[in-house]
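First residue of the sequence shown? That's 1 in the UniProt record's numbering, and the numbers climb one at a time after it. Think of the CB as a built atom: it goes at the ideal place given N, C-alpha and C, for glycine as much as any other residue. All values derive from a computational prediction rather than experimental measurement.
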Amino acid sequence: MIPRQSLARGVGALAATIVIFWLLLSHVPTTSPSTWQHGFTKAGKARGLLNDINNHTLGFQQIFVLGLPERTDRRDAITLNTALSDLTFQFIDGVQGDLISDKAIPKESKHDKISPGALGCWRAHMNALQEIVRTNVSTALILEDDADWDVRIRQQLHDLALSTQALTQPLAGKDSYADTSYRYRQPAKNSRDGTVSLDFNDLPETAPVTFSPYGDEWDLLWMGHCGMQMPSEHSSLPRGRVVSEDDETVPAREHLLSYVKPYTLKNEYPDHTRVVHHAYEGLCLLAYAVTQKGAQEILREIALKDPTTPVDIMMRWFCNAERGRRHHNCLAIQPPIFNPHRTRGPKEDTSNIDSKWDGWWDTAETRMTRWSVRLNADRIIAGEEMEDQFPDT
């Protein structure tokens, strides 16, 4: 039997050890230095499901990352990126297009095949969506393996969620919407208001969400792209926009880039403005989120239809309600909050779809991302202040 005096001394020592350990732990640099702004711009509105954006999957049930298994360089990078952002994810293997059985490719007309790279990209995205449907995942974020994002990704997604709610949730206590042109999965109303612009700093109160922090009525959130248009008053899509000026995570207009013209965000809005709207004429599928219903619709409208063009163009048709596709509820954000990271090295390594580029990248870059996680990795690990890749001059 242990003497009472020895037992008391042991308990006291254990208690002291716990206190000392707690004090030391409280001073260890974490992956969220005080210089980061993980606190939301509208913390007072962070209620209900909005708090789920703080979790390890950014408010979605799961995160999937697409990439060829042999691109271990990209797998290493995205694994580190997610760890530094406190995220968990699952890989979906990319597909070599020339290994796809010809019998597995839907054919509705005679035409030349798209390139093996484009065909493999189509199949990889469809495999991710197939997995979401098969396992009944309620919502999922899908990233390509060269994606990068801002250290303040949760702040950005919180603001995105408030914006998508404003565009698609009914007004509190009413059977109407702030966007007077909006109808769920139907052509837009002919509204005398034309484009409906909502100020992010003065959003109306909407019905509480019950399904997702991003709203109850969305099919797809297009968050990583290389160009997007805002629906015009002549479009069949809803014309509401949520405009957030003075967003500190947005670079000045001189740094904005889009392969889709006209570039309304750059041409008509002031520096540091972000706009959320219904997706129209999107290009590139670097990052997007889907609901279970949305994933089912994409399997029906894209996986089971003839891939006559690259998958991002087929997704454009899906969201535009074109080429025989029905209306779906796709929303987008400009500038995108997920952007491709370009490493220093041979240009031919940049793409797995088209490797015909010659030359050398002298510097690493993630476009339109001010506090890039990838480019700030050393500072994050060391607990130092972030470096702005696009500082104001």
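I'd like to know if residue i contacts chain C, where contact means its C-beta is closer than 8 Å to some C-beta of that chain.
{"i": "Ser232", "result": "This model lacks chain C altogether; it includes just one protein chain."}
Can we count residue i as close to the ligand MG, meaning its CB is less than 7 Å from some heavy atom?
{"i": "Arg325", "result": "Although the ligand MG was asked about, the structure shown includes no ligands whatsoever."}
I think residue i touches residue j, with their Cβ atoms under 8 Å apart; what is that distance to the nearest whole Å?
{"i": "Leu331", "j": "Ala287", "result": "The pair is not a contact, with the Cβ atoms about 13 Å apart (cut-off 8 Å)."}
{"i": "Thr249", "j": "Gln156", "result": "6 Å"}
{"i": "Leu58", "j": "Leu141", "result": "6 Å"}
{"i": "Gly94", "j": "Leu68", "result": "4 Å"}
{"i": "Gly224", "j": "Pro336", "result": "5 Å"}
{"i": "Val290", "j": "Leu84", "result": "About 25 Å separates the two Cβ atoms, so there is no contact after all."}
{"i": "Gln296", "j": "Asn136", "result": "So it is not a contact: roughly 10 Å between Cβ atoms."}
{"i": "His125", "j": "Leu285", "result": "6 Å"}
{"i": "Val133", "j": "Leu299", "result": "6 Å"}
{"i": "Leu283", "j": "Gln334", "result": "12 Å between Cβ atoms; not a contact."}
{"i": "Ile100", "j": "Asp145", "result": "Ile100 to Asp145, Cβ: 20 Å. No contact."}
{"i": "Ser138", "j": "Gln61", "result": "5 Å"}
{"i": "Ile63", "j": "Leu129", "result": "Contact flag wrong, Cβ pair sits at about 14 Å."}
{"i": "Val196", "j": "Gln165", "result": "Not confirmed; about 15 Å, so no contact."}
{"i": "Glu268", "j": "Asn320", "result": "That belief does not hold up - the Cβ atoms of Glu268 and Asn320 are roughly 21 Å apart, past 8 Å."}
{"i": "Glu217", "j": "Thr180", "result": "In fact, because the Cβ distance is near 16 Å, the residues do not count as touching under 8 Å."}
Please state whether DSSP places residue i in a helix, a strand or coil.
{"i": "Glu385", "result": "coil"}
{"i": "Leu220", "result": "strand"}
{"i": "Pro116", "result": "helix"}
{"i": "Arg152", "result": "coil"}
{"i": "Ser258", "result": "coil"}
{"i": "Glu268", "result": "helix"}
{"i": "Asp199", "result": "strand"}
{"i": "Leu311", "result": "For clarity, residue 311 is Val in the given sequence; the question names Leu instead. DSSP places Val311 in helix when its eight states are reduced to three."}
{"i": "Val133", "result": "helix"}
{"i": "Leu167", "result": "helix"}
{"i": "Arg75", "result": "helix"}
{"i": "Arg367", "result": "coil"}
{"i": "His125", "result": "helix"}
{"i": "Thr291", "result": "strand"}
{"i": "Gly39", "result": "Confidence is the limiting factor: at Gly39 the pLDDT is only 34, short of 50, which leaves the residue's position unreliable, though a coordinate-based value still follows. If DSSP states are grouped into helix, strand and coil, Gly39 belongs with coil."}
{"i": "Ala178", "result": "coil"}
{"i": "Leu80", "result": "helix"}
{"i": "His158", "result": "helix"}
{"i": "Glu297", "result": "helix"}
{"i": "Ile380", "result": "helix"}
{"i": "Leu285", "result": "coil"}
{"i": "Leu23", "result": "Its pLDDT being 36, under 50, Leu23 is placed unreliably in this model, and the value from its coordinates should be taken loosely. In the structure shown, Leu23 sits in a helix (DSSP, three-state: H, G or I)."}
{"i": "Ser34", "result": "Low confidence applies here, because Ser34 scores a pLDDT of 33, under 50, leaving its location unreliable; read the following figure in that light. Three-state result, Ser34: coil."}
{"i": "Arg4", "result": "Note that Arg4 scores a pLDDT of 39, beneath 50, so its modelled location is shaky; the value from the coordinates is reported in the next line. Three-state result, Arg4: helix."}
{"i": "Ala46", "result": "Note that Ala46 scores 43 on pLDDT, short of 50, meaning its location in the model is unreliable; the coordinates nonetheless yield the value given after this. Correct three-state label for Ala46: coil."}
{"i": "Ala332", "result": "strand"}
{"i": "Tyr142", "result": "Note on identity: in this sequence residue 142 is Ile, with Tyr being the wrong assignment. Three-state result, Ile142: strand."}
{"i": "Arg185", "result": "coil"}
{"i": "Val28", "result": "Confidence is the limiting factor: at Val28 the pLDDT is only 33, short of 50, which leaves the residue's position unreliable, though a coordinate-based value still follows. Residue state, collapsed to three classes: coil."}
{"i": "Ile100", "result": "coil"}
{"i": "Arg253", "result": "helix"}
{"i": "Ile337", "result": "coil"}
{"i": "Ile302", "result": "helix"}
{"i": "Arg316", "result": "helix"}
Between the beta-carbon of residue i and the beta-carbon of residue j, is there less than 8 Å?
{"i": "Asp148", "j": "Arg370", "result": "no"}
{"i": "Pro307", "j": "Ile114", "result": "yes"}
{"i": "residue 394", "j": "Asn339", "result": "There is no way to answer for residue 394, as the model of the chain reaches only from 1 to 393."}
{"i": "Tyr214", "j": "Leu221", "result": "yes"}
{"i": "Ala207", "j": "Ala172", "result": "yes"}
{"i": "Ala188", "j": "Ser235", "result": "yes"}
{"i": "Met230", "j": "Val275", "result": "yes"}
{"i": "Asp247", "j": "Thr273", "result": "yes"}
{"i": "Pro251", "j": "Met386", "result": "no"}
{"i": "Arg241", "j": "His277", "result": "yes"}
{"i": "Pro170", "j": "Ser163", "result": "no"}
{"i": "Asn54", "j": "Arg154", "result": "yes"}
{"i": "Arg379", "j": "Thr363", "result": "no"}
{"i": "Leu80", "j": "Ala377", "result": "yes"}
{"i": "Leu87", "j": "His111", "result": "no"}
Name the one or two DSSP bridge partners that residue i has.
{"i": "Pro322", "result": "According to the sequence displayed, residue 322 carries Glu and not Pro. Beta-bridge pairing links Glu322 to no other residue."}
{"i": "Ser244", "result": "Arg274"}
{"i": "Tyr280", "result": "Gln229"}
{"i": "Asn51", "result": "Partner(s): none; Asn51 has no beta bridge."}
{"i": "Gly67", "result": "Asp93"}
{"i": "Arg342", "result": "Glu365"}
{"i": "Ser372", "result": "Asp150"}
{"i": "Thr206", "result": "Leu171"}
{"i": "Gln62", "result": "Ala140"}
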